[in-house]
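The structure appears below as structure tokens.
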Amino acid sequence: MNKISVIVPVYKVEKFLPQCLDSLLAQTFQEWQAICVDDGSPDNCGNMLDKYAQKDNRIKVIHQTNKGLSEARNAAYKYVDTVYTIFLDSDDVLHYQALELAYNSIEKTKADILWFDVKKFADGDNVEQSKINHLSRIKIYNNPFKFYAIKTKWFTNRRNRMCGIVAGKIYKSEYVKQTNFTSGVFPGEDNLFTLEITAKINKLAHLKENLYLYRQHQASIMHSLDVGKVKNNLRKEVNGYVKMRDRLIKQKLSLERMKIFERYLAEIIFFKKIFKPFIKKQDIAQTKEYIDNLINSGEFDFRCMKFKFRVALLFYQNNLPFLSRLLCCL
């Protein structure tokens, strides 16, 4: 029986798809299935997937009309019948020992999510995959939501922090299937998913090995973002967090974790992602109106923010933007 489901959303990547799928076929760990979702790709990706599926019955293919990255990932859920799940973007590559080391590590630690490191490589470069003979020490976090959502002095080193992207992680499938990706939000759907799933789990682990190989190329989604779309999607992302809060309340998330969530919402989403960039750049009036509406909406509990953030917001509300800007730059 297969033990890991690898979800692979596919769209306009015919140049990179073979290397992605070949990295799965080369795995030292054999008990996996790949659920590849052809999201209405207009190139030859659909045919390529079908050919790979004919060669190896562990590769399952879903063909659907184009619905976007989130819906492509969600569509794969109905075929996930394994204990663990990994997400793999179709222009990226897994180290040939990735599934073996990830599986052994999460089994050993009994973690709900184990993340490993992501190594970037430029399109056209050779992907070096040295054999990993001795694993680095695995670090375990028994309060995963606090670790992920609140930056403390202990965790200032970014290399030791879990980021919001879904790549480079192995999840218990039970949590994945409880947590859909938010449709229509990009960028930001990864972090919505990661925040919600981390709010529910009890143990998190980190294996410091470069097992996920992330390709950087100009055709990737992240390199082709339209600034106007990013601003539009920011509104959708904020709505996604507000709806998430309602879901977590219904699921009776503990009071401690709800307090962490409220702080994350106020400090990271409102202050650092929206307010701080605006106040530093003195953005257009339309953005100011949006920020004012957010402040007055009652959706954010600003009392839980750091003192410096509260003072900066107070200056702004009292028509002293230059003082607010000064605090934001410190």
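Note that our numbering has the sequence shown beginning at 962, numbered continuously upward. Don't be surprised by glycine CBs; every beta carbon is placed ideally from N, CA and C. Quick caveat, the model's predicted, so the values are computed rather than measured.
Of the other Cβ atoms in all chains shown, 16 or more fall within 10 Å of the Cβ of GLY1129; this residue is therefore buried.
Beta-bridge partners assigned by DSSP to CYS997: VAL969, VAL1022. The secondary-structure analysis by DSSP pairs ASN1171 across a beta bridge with ASP1078. When C-beta atoms of the stretch 1090-1099 are compared with those of the stretch 1010-1028, fewer than three pairs fall below 8 Å, so the two segments do not count as touching. For THR1046, the beta-bridge partners assigned by DSSP are SER966, TYR1132.
By the Cβ test, the stretch 1224-1231 is in contact with the stretch 1198-1214, since at least three Cβ pairs between them sit closer than 8 Å. Counting C-beta atoms within 10 angstroms of its own C-beta, LYS1133 has 16 or more neighbours from the protein chains shown and is therefore classed as buried. Annotated as distal: GLU1217 and PHE1142, with beta-carbon spacing of 9 Å or more.
With 16 or more neighbouring CB atoms inside 10 Å of its own CB, LEU1274 falls in the buried class. Restricting attention to TYR1064, ILE996, LYS1161, ASP1151, the CA atom closest to the CA of SER1215 is found in LYS1161. ARG1176 is positioned such that its CB atom lies no closer than 9 Å to that of ASP1078.
C-alpha of LYS1069 to C-alpha of LYS1100: approximately 12 Å in a straight line. Under the Cβ criterion (8 Å, minimum of three pairs), the stretch 980-987 does not count as touching the stretch 1036-1047. Looking at the DSSP output, LYS1100 bridges to HIS1167. Nearest to LYS1021 by alpha-carbon distance, out of LYS1220, GLY1029, ASP999, is ASP999. Around the beta carbon of MET1123, 16 or more other beta carbons sit within 10 angstroms, so the residue counts as buried.
In the three-state reduction of the DSSP assignment, ARG1122 falls in the coil class, being assigned neither a helical nor a strand state. Residue pairing for GLN1177: DSSP places it in a beta bridge opposite ALA1083. By the Cβ-count criterion, SER1285 is buried, with 16 or more other Cβ atoms from all chains shown falling within 10 Å of its own Cβ. Here the alpha carbon of ASN1171 sits roughly 23 Å from the alpha carbon of VAL971.
Inclusion of LEU1030 and GLU1157 in the CB contact set at 9 Å is not warranted, their separation being larger than that value. Contact between LEU1165 and PHE1108 holds, with the beta-carbon distance rounding to 7 Å and staying under 8 Å. Counting only residues of its own chain and dropping the five nearest sequence neighbours on each side, TYR1225 has a CB closer than 6 Å to the CB of ALA1110. According to the DSSP secondary-structure assignment, LEU1055 is paired through a beta bridge with TYR1173. Approximately 14 Å separates the beta-carbon atoms of SER966 and GLN991; this is outside 8 Å, ruling out the contact. Beyond the five residues adjoining it in sequence on each side, THR989 comes within less than 7 Å, by CB distance, of TYR1057, GLN1058, GLU1061 in the same chain, given in chain order.
In the structure shown, MET1219 adopts helical secondary structure according to DSSP, grouped into three states.
Of the residues assessed, PRO1105 falls on the buried side of the cut-off, its CB having 16 or more other CB atoms within 10 angstroms. Nearest to GLN1025 by C-alpha distance, out of ASN1018, VAL1041, PRO1003, VAL974, is PRO1003. The C-alpha of PRO1282 is placed about 43 Å away from the C-alpha of LEU1075. Rounded to whole angstroms, the gap between the alpha carbons of LEU1096 and ILE1067 is 13 Å.
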